[in-house]
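Asker: Right, I'll just put the structure down here and ask away after.
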Amino acid sequence: MNVPVDEAQFISMLLKIMNAKKTLEIGVFTGYSLLTTALALPEDGKLTAIDLNKEAYETGLPFIQKAGVEHKINFMESNAFSILNDLINSEERGEIPESAWRSTEYVIQFNSLLAADHRVESSLLSIGDGVTLFRHLYWQQ
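This is the structure we're talking about:
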């Protein structure tokens, strides 16, 4: 589903306010929110995008390239749960900042996982189709 303009503007402003350097997007559809997020990140920012369908990413790729932000995006054609599981269990995961999570396919299951995880604090905003923000409360050393 396409991200509404108001949600994209909110995410962009939030990313800038918090000086986000890394973000994660699940489901890219036409790439509009992907482009919005990449534009909001600093020049050295990184955005990991996960989608089962590479064609979805390629739909928005010409706009991403024209905006000059392709270097910020690491697209992964995969099931999000396997990648998320690897991120959670990896000892070299680095800092994953508060991130916007979207995808009707995964949002219910993912929000349930977040709610049950004592290591994170999360909030679901009712903007557009919904935006889940979360932050790690502590990192394992």
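In the numbering used here, each residue's number is its place in the sequence shown (first place is 1) plus 3.
From the three backbone atoms N, C-alpha and C, an ideal C-beta is built for every residue, glycine too.
#1: Between L87 and H139, what straight-line distance do the alpha-carbon atoms span, to the nearest angstrom?
#2: At what residues does the alpha helix (DSSP H) containing T33 begin and finish?
#3: Among the residues of its own chain, which have a CB less than 6 Å from the CB of L50, if the five just before and after it don't count?
#4: Compare the beta carbon distance of S52 and L18 with 8 Å and say whether it is the shorter of the two.
#5: Cβ atoms of L38 and G63: under 8 Å apart, would you say?
#6: Should L50 be counted as a contact of the ligand NAP given a C-beta to heavy atom distance under 7 Å?
#7: Which whole-angstrom value describes the C-beta separation of A11 and Y35, a residue pair presumed to lie in contact below a C-beta threshold of 8 Å?
#8: How many Å lie between N82 and P7 at the Cα?
#9: S115 to P45, Cα distance in whole Å?
Answerer: Reading from the atomic positions:
#1: Along the sequence shown, read from residue 1 onward, the residue named residue 87 stands at position 84. Along the sequence shown, read from residue 1 onward, the residue named residue 139 stands at position 136. Whole-angstrom Cα-Cα distance: 14 Å.
#2: Numbered from 1 along the sequence shown, position 30 holds the residue referred to as residue 33. It is not in any alpha helix (DSSP H) - T33 carries neither H nor E in the DSSP assignment.
#3: Along the sequence shown, read from residue 1 onward, the residue named residue 50 stands at position 47. Contacts found: T26, T40, A41, K75 and I76.
#4: If you number the sequence shown from 1, residue 52 lands on position 49. If you number the sequence shown from 1, residue 18 lands on position 15. For the record, residue 52 in the displayed sequence is Ala; it is not Ser. Contact: no.
#5: By 1-based counting over the sequence shown, the position of residue 63 is 60. By 1-based counting over the sequence shown, the position of residue 38 is 35. Yes, these two residues count as a Cβ contact at 8 Å.
#6: With respect to small molecules bound, the structure shown includes none, and the ligand NAP cannot be examined in it.
#7: For this step, residue 11 is matched to residue 8 along the sequence shown. For this step, residue 35 is matched to residue 32 along the sequence shown. Between Y35 and A11 the Cβ distance is about 7 Å, and since that is below 8 Å, they are a contact.
#8: Looking up residue 82 in the sequence shown gives position 79. Looking up residue 7 in the sequence shown gives position 4. Roughly 24 Å separates the two Cα atoms.
#9: Position 112 of the sequence shown, counted from the first residue, corresponds to residue 115. Position 42 of the sequence shown, counted from the first residue, corresponds to residue 45. Taking the straight line joining both Cα atoms gives about 31 Å.
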